[in-house]
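I have placed the structure first, in the form of structure tokens, so that the comments after it can refer back to it.
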Amino acid sequence: MKQQTLVLIKPDGLVRSLTGNILTRLSETKLEIVAAKMCRVSRELAQEHYKQLKAQPFYNELVQYMQGELHGSHKIMALVYWGEEAIPKVRELAGETNPEKAAPTSIRGAYGRIRTTGLFENVIHASSDPVEAEREIKLWFRPDEIIRDLYPTKQAHKEVPVLEWA
Ligand code: IDP
Ligand code: MG
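Listed below in structure tokens is the structure:
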């Protein structure tokens with residue numbers, strides 16, 4: 038089954054210059070990149086992305102991590118991969134959540150670490166199922182930033198100011 042999945046290269050991946058390595062590893066899947074961008078991550082976006090973990094003791098630090106506050110780099114690279122079994126293929130390459138338990142050949146196993154506080158600094162995010170993928174892709178991307186029609190859209194005529202090129 039064709040699927041789409043959200044990948045985030047987290048701030049530790051970016052500051053440690055792992056972007057090229059990670060994208061090369063992901064290209065082994067032969068999936069298609071249908072969207073990609075660098076993002077400045079607000080507190081609200083980080084909180085919304087991980088809202089299901091709100092009750093966890095590491096939640097606040099996780100939000101700080103995603104905002105780049107632990108790495109002095111306030112950016113994340115967001116991508117959408119599309120193709121046959123995209124979700125399990127990318128999860129497999131990413132490896133287990135805990136970098137110490139992840140296979141050494143996986144991205145998290147190779148590049149992740151556990152902070153002294155206990156937070157798993159694991160380089161990438163990958164959606165875990167189709168429902169999560171839909172919520173996350175819609176959170177990080179507008180329809181016109183994705184080169185395939187993944188989900189239904191509607192025309193909106195909003196009377197709100199937008200920033201455009203001068
Ligand atoms: P996933 O990223 O493998 O889908 P989730 O359970 O969705 O794992 O957790 C989101 C993120 O929160 C992880 O990628 C990791 O950075 C952090 N995290 C999850 N569980 C723990 C934990 O038990 N200790 C510390 N950090 C954790
Ligand atoms: Mg998850």
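Counted from 1, the sequence shown has number 154 at position 117 by my numbering; the numbering is strictly sequential. Even for Gly, the Cβ is constructed at its ideal location relative to N, Cα and C. Quick caveat, the model's predicted, so the values are computed rather than measured.
Report task. Would you mind stating whether Gly-50 and Val-160 have Cβ atoms separated by less than 7 Å? Result -> Reading the sequence shown from its first residue, position 13 is the one you call residue 50. Reading the sequence shown from its first residue, position 123 is the one you call residue 160. Taking 7 Å as the Cβ cut-off, Gly-50 and Val-160 qualify as a contacting pair.
Query raised in the report: At a cut-off of 6 Å, is Ser-165 close to the ligand MG when judged by its beta-carbon and the heavy atoms of the ligand?
Result: In the sequence shown, residue 165 corresponds to position 128, counting from 1. Because some heavy atom of the ligand MG lies under 6 Å away, the Cβ of Ser-165 counts as near it: yes.
Query - Integer-rounded CB distance, given that Thr-56 should sit under 8 Å from Met-103 - result: Position 66 of the sequence shown holds residue 103. Position 19 of the sequence shown holds residue 56. Between Thr-56 and Met-103 the Cβ distance is about 16 Å, and since that is not below 8 Å, they are no contact.
Query raised in the report: What do you reckon, are the CB atoms on Val-44 and Ala-163 nearer than 7 Å?
Result: Translated into the one-based positions of the sequence shown, residue 44 becomes position 7. Translated into the one-based positions of the sequence shown, residue 163 becomes position 126. Yes, they are a contact pair.
Requested in this report: Alpha carbon to alpha carbon, how far is Leu-60 from Ala-131? Give it in angstroms, no decimals.
Outcome: What you label residue 131 is simply residue 94 of the sequence shown in a count that begins at 1. What you label residue 60 is simply residue 23 of the sequence shown in a count that begins at 1. Those two C-alpha atoms are separated by around 11 Å.
Report task. Would you tell me roughly how many angstroms separate the C-alpha atoms of Gln-101 and Ala-73, rounded to the nearest one? Result -> Indexing the sequence shown from 1 puts residue 101 at position 64. Indexing the sequence shown from 1 puts residue 73 at position 36. Taking the straight line from one Cα to the other gives about 23 Å.
**Report entry** Reduced DSSP category for Met-75 - H, G, I as helix; E, B as strand; rest coil
**Finding:** Taking the sequence shown and counting its residues from 1, one reaches residue 75 at position 38. The answer is strand: DSSP assigns Met-75 an E or B state.
Query raised in the report: Curious, which full-length beta strand (DSSP E) runs of at least 3 residues does the stretch 61-109 contain?
Result: 69-76
Report task. Report the three-state DSSP secondary structure of Gly-155 (helix, strand or coil). Result -> As a working note, residue 155 is residue 118 in the sequence shown. The answer is coil: DSSP assigns Gly-155 none of H, G, I, E or B.
Query raised in the report: Of the choices Asn-97, Thr-190, Pro-125, whose alpha-carbon is the least far from that of Lys-39?
Result: Against the sequence shown, residue 39 aligns to sequence position 2. Per the Cα distances, Pro-125.
Query raised in the report: Whose C-beta lies closer than 7 Å to the C-beta of Ala-123 among residues of the same chain, with five residues either side of it excluded?
Result: Taking the sequence shown and counting its residues from 1, one reaches residue 123 at position 86. Closer than 7 Å at Cβ, skipping near neighbours: Gln-40, Gln-41, Thr-42, Leu-68.
Report task. Rounded to whole angstroms, what's the CA-CA distance from Glu-81 to Asp-166? Just pull it up for me. Result -> On the sequence shown, residue 81 is found 44 positions in, with the first residue counted as 1. On the sequence shown, residue 166 is found 129 positions in, with the first residue counted as 1. Near 23 Å, if we compare the C-alpha coordinates of Asp-166 and Glu-81.
Query - Under the three-state DSSP convention, the category Ala-203 falls into - result: Position 166 of the sequence shown holds residue 203. Ala-203 falls in the coil class under three-state DSSP.
Query raised in the report: Roughly how far, in whole angstroms, is the beta-carbon of Phe-157 from the beta-carbon of Thr-142, given that I think they are within contact range, below 8 Å?
Result: Residue 157 sits at position 120 when you count from the first residue of the sequence shown. Residue 142 sits at position 105 when you count from the first residue of the sequence shown. Not quite, the Cβ-Cβ distance comes to about 18 Å (not below 8 Å), so this is no contact.
Report task. With Ile-46 as the anchor, note down where its beta strand (DSSP E) starts and where it stops. Result -> Within the sequence shown, residue 46 is the residue found at index 9, counting from 1. 39-46 is the extent of the beta strand (DSSP E) around Ile-46.
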